[in-house]
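Working notes, structure below.
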Amino acid sequence: MNRASPHHEEEEEENDAQVFLDESDIIHEVPLDEEDLPDADDEAASDAEVFEEPDDDSVHVFTGHTGELYTVACSPTDATLVATGGGDDKGFLWRIGQGDWAFELQGHRDSVCSLAFSTDGQLLASGSLDGIIQIWDVQSENLKCSFEGLGGGIEWIKWHPRGHLVLAGSEDCTVWMWNADKGACLQTFSGHGGSVTCGDFTPDGKLVCTGSDDATLRIWDPKSGENIHVVRGHPYHTEELTCMAISPDSTLALTGSKDGSVHIVNLTTGKVVSSLVSHSDSIECVSFGPSHGPRSFEIQDWSIQHHTQTKGGCAGQV
């Protein structure tokens, strides 16, 4: 076995030895005023400033959830009543200004990702990734009925504008419509080739519009279940639809997509009447304003009449 040489051992001892400096090693001396030295209290205060939390301007904080929130719905008839759902598989109905009072929407077995109040505020629908929709009586806080049978998680829930008909889209490519008062399924809309990511009744209640991951918009007759129009291909979206809004007069649908485009479709003809190109990333929300013009979340306003940026309605992107 090889042994380290005495010379190598001496070098290791020298490297491990402590080094001391004496006055003869000083090259230059710089005077320092003690007032220039930071105080320990000042350092602590400085650290506190760095980690100081922003001001909280909220009027109420509800802390019932133990996981992140996925959905929030406000009652259309009671400004204090709010419903929330989250990744902790829980939903809650609670009131602003009443401490931590809450009514838990029990029974879901997966994340509660969709909530919607009926137009008259009497009923609340909760949808989950477990594929179940529960209907709650808001006044009595009782479970009115449950709807099962969907083969995938619930993507969204909408109510008929003048009745207790509830519409929901699923990850299994289908859309279902139920009568919440009778607890009965009225219609199943099949035809999409991907998860149904957005949908709604027209404000007059005469049509159902749905958008999907298959990059199509479908227009349905809610009574017969007939697929009236399928909007797809050029000049429509090339990627998944993410959001939808329908004009107050029930004549136009505004849709956004992951392809960054926004299109306006005539619901009577099923034709694209305008394409609004301005965003550079996925469109996450759209809406019509009082003037019926679609507006961009980047505060890009569009006029339907002239298809130019002006004052109108709203669309947003990430």
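Per my numbering, the very first residue in the sequence shown carries number 1; after that it's consecutive.
Heads up, the beta-carbon is just placed ideally off N, CA and C, and yes, glycines get one too.
Between Gly-97 and His-65, the gap from beta carbon to beta carbon reaches 9 angstroms or more.
Ala-73 is positioned such that its CB atom lies no closer than 9 angstroms to that of Val-59.
Distance check between Asp-110 and each of Gln-187, Pro-76, Ile-154, Thr-210 places Ile-154 closest, using alpha-carbon atoms only.
An exposed status is given to Gly-193, since fewer than 16 other beta-carbon atoms sit within 10 Å of its beta-carbon. Each residue's CA atom was taken as its position, placing Leu-254 and Lys-223 some 23 angstroms apart. Bounds of any beta strand (DSSP E) do not take in Arg-109, whose DSSP letter is neither H nor E. Per DSSP, Leu-254 is one residue of the beta strand (DSSP E) stretching across 252-257. A straight line joining the alpha-carbon of Gln-134 with that of His-229 spans about 31 angstroms.
DSSP, read as helix, strand or coil, puts Ser-24 in helix.
With respect to Gly-205, Gly-163 sits close: the two C-beta atoms are nearer than 9 angstroms. The Cβ neighbour count for Thr-174, taken over all protein chains shown within 10 Å, is at least 16; the residue is labelled buried. Trp-176 places its beta carbon less than 9 angstroms from that of Ala-168. Beta-bridge analysis with DSSP links Ala-83 to Ala-73, Leu-93. Excluding the 5 residues flanking it on each side, Lys-258 has same chain C-beta neighbours closer than 7 angstroms at Glu-239, Glu-240, Thr-242, Ser-282, in chain order. Here Gly-289 carries a coil assignment [DSSP, helix/strand/coil].
CA-CA distance, Ile-157 to Lys-271, rounds to 26 angstroms. Here Phe-62 has Trp-94 as same chain residues with Cβ atoms under 6 angstroms from its own Cβ, once five neighbours each way along the sequence are excluded. Judged by DSSP in its simplified three-state form, Leu-217 adopts strand. Membership of His-60 in any beta strand (DSSP E) is not indicated, and neither H nor E is assigned to it by DSSP. In this structure, Leu-115 sits near Gly-127, with a CB-CB distance shorter than 9 angstroms. Looking from the CA of Cys-198, the closest CA among Leu-165, Ile-26, His-28, Leu-217 belongs to Leu-217. If you draw a 10 Å sphere on the C-beta of Ile-27, you find fewer than 16 other C-beta atoms in it, and that means exposed. The residue from Pro-203, Ser-275, Val-196, Ser-250 with its alpha-carbon nearest to that of Gly-233 is Ser-275.
For Gly-149, the secondary structure class from DSSP, reduced to helix, strand or coil, is coil. Residue pairing by DSSP places Gln-187 opposite Met-177 in a beta bridge.
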